[in-house]
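What follows is a short report on a single structure.
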Amino acid sequence: MSNLLQGHRRIVVKIGSSLLVDRERGMKRTWLESLGEDIARLTGGGRQILVVSSGAIAMGRKLLKMPRGPLRLEENQAAAAVGQIALSRTYSEILGRHGLETGQVLLTIGDTEERRRYLNARATLATLLDMGAVPVINENDTVATSEIRYGDNDRLAARVATMVDADLLILLSDVDGLYTAPPAEDPAAEHIPLVDSITPEIEAMAGAAGSELSRGGMKTKIDAGKIATGSGTAMIITAGQRLYPLSAIERGERATMFLASGTPRSARKRWIAGHLQMAGALVVDEGAVAALTSGKSLLAAGVASVHGVFSRGDPVLITRADGSEVARGIAAYDAEDARKIAGLRSSAVSAALGYEARAAMVHRDDLVLSHAVEAVAAEVAVMIAEEREAAAGGAAG
Ligand code: GLU
């Protein structure tokens with residue numbers, strides 16, 4: 001099994017209450033210390049880590065010596081108020097040993113759903129990361145009321161991940177991934193290591209919505225997966241109980257990896273998707289279509305014909321022979337050179353051009369698959385409308 005963390009720079013790690021807090025003994029310090037070491041090692045290696053941590057309510061209940069069983073809303077909120085301090089203090093102590101500062105960020109649903117507050121929260125998180133601090137995030141349980149709260153940190157973590165354009169979201173919990181059926185109900189259930197996209201079949205494997213009693217069950221994890229992968233963030237579900245839980249992922253311990261869908265997120269890709277005027281078109285074969293769909297670059301070998309007049313850096317359409325659109329991208333060659341190398345294997349490209357050249361006709365970073373174009377266009381339209389509204393409001397006020 002390969003190292004699933006490889007190639008992911010900005011990572012959100014969600015930690016479930018049961019990993020952190022023991023009903024009798026309180027905070028699981030040894031475990032948390034091992035997580036702290038993992039985080040320090042990863043940030044030392046150039047990665048940025050954000051933690052979404054549950055455990056405030058569980059910890060508060062313990063500190064306030066509250067009885068077992070369900071609590072009223074205000075009791076839960078009181079527990080969260082007390083527990084959150086303990087939680088933050090522990091993170092700050094443990095990460096502090098490695099010279100890392102901890103930034104406590106408590107969010108309510110409005111902070112991720114309302115655009116102006118969203119932008120504000122996003123800027124704060126980005127600044128913390130720039131300064132090398134580790135944001136430790138939780139829902140602001142003391143003020144969030146039932147109708148207007150996430151209630152589960154799986155989905156909160158997914159929203160945070162998309163907010164900061166994270167490459168990867170890791171859900172550390174008490175299950176080591178997705179199974180073909182809930183393993184508690186079906187002993188023949190098989191573990192699924194990789195999910196390409198969250199189809200209705202995948203959703204069905206998480207169990208019927210009605211059978212999900214606990215918050216943070218597999219269903220909310222799949223919901224989180226839809227949020228994350230739909231915005232270009234990959235997601236891992238794995239069991240977190242073992243010490244050094246992030247090293248365990250790198251070692252290849254059992255986990256389910258959900259690949260990010262082709263939806264672009266970088267400004268560059270937005271720009272490509274939003275571009276209306278295409279300078280030319282590249283007609284590609286089915287092999288190239290398959291390669292593009294799986295996230296690869298468009299190689300000269302896959303190009304059947306070149307149309308239009310364009311320069312290197314111009315936006316071009318990539319279509320099938322019947323003209324149906326596959327993707328949009330930025331040409332790495334001008335039309336004249338593109339014609340010379342169309343259909344050639346990578347080894348022949350430089351010879352045909354008479355200079356050292358790359359084989360990619362359109363690099364994968366410069367590509368947006370067309371099924372994603374509509375989604376991005378809609379997003380951009382909303383963004384523009386909101387910015388206009390904000391500008392109009394500002395001018396009036
Ligand atoms: N925000 C809650 C807490 O810190 C946890 C929610 C969850 O477990 O998903 O206690």
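Position 263 (the sequence shown) corresponds to 263 in the UniProt record's numbering; numbering is contiguous. By construction, the Cβ of each residue, glycine as well, lies at the ideal position given by its N, Cα and C atoms.
Boundaries of the alpha helix (DSSP H) around T229: M218 to G230. Sequence-distant partners of D196 (beyond 5 residues in either direction) whose C-beta falls short of 6 Å from its own C-beta, in its chain, are L259.
Residues of the same chain with a CB within less than 6 Å of the CB of E101, apart from the 5 flanking positions on each side, are A133 in chain order. Between A360 and D314, the CB-CB gap reaches or exceeds 9 Å.
The DSSP-derived three-state label of E250 is helix.
Each of G110, G240 and I94 was checked against the Cα of G103, and the nearest Cα belongs to I94.
Rounded to the nearest angstrom, the gap between the Cα atoms of S88 and P135 is 10 Å.
With a cut-off of 8 Å on Cβ pairs, the stretch 301 to 314 is in contact with the stretch 331 to 340, counting three or more such pairs. Bounds of the alpha helix (DSSP H) holding E113 are I109 to E113.
The continuous beta strand (DSSP E) containing K14 extends over residues R10 to I15. The stretch 223 to 233 makes contact with the stretch 155 to 164: 3 or more CB pairs, one atom from each, lie closer than 8 Å. Q84 is not a Cβ neighbour of T127, given a cutoff of 9 Å. Between V284 and T90, the alpha-carbon positions lie close to 56 Å from each other. Out of A184, D223 and P187, the CA that lies nearest to the CA of I202 is found in D223. In the three-state DSSP reduction, A321 falls in the coil class, being neither helix nor strand. Residue burial annotation: E139 is buried, with at least 16 other C-beta atoms found within 10 angstroms of its C-beta. Annotated as proximal: L63 and G26, with beta-carbon spacing under 9 Å. Secondary structure note for G36: its alpha helix (DSSP H) is the uninterrupted segment R29 to G44.
Counting of Cβ neighbours within 10 angstroms places A56 among the buried residues, the total reaching 16 or more. DSSP places T238 in the uninterrupted beta strand (DSSP E) bounded by A234 to A239. Across the structure, E37 and Y244 are spaced so that their CA atoms are roughly 8 Å apart. In the structure shown, the three-state DSSP call for A260 is coil. For P67, there is no enclosing beta strand (DSSP E), as DSSP gives it neither H nor E. For the 9 Å CB-CB criterion, T220 and R155 form a contact.
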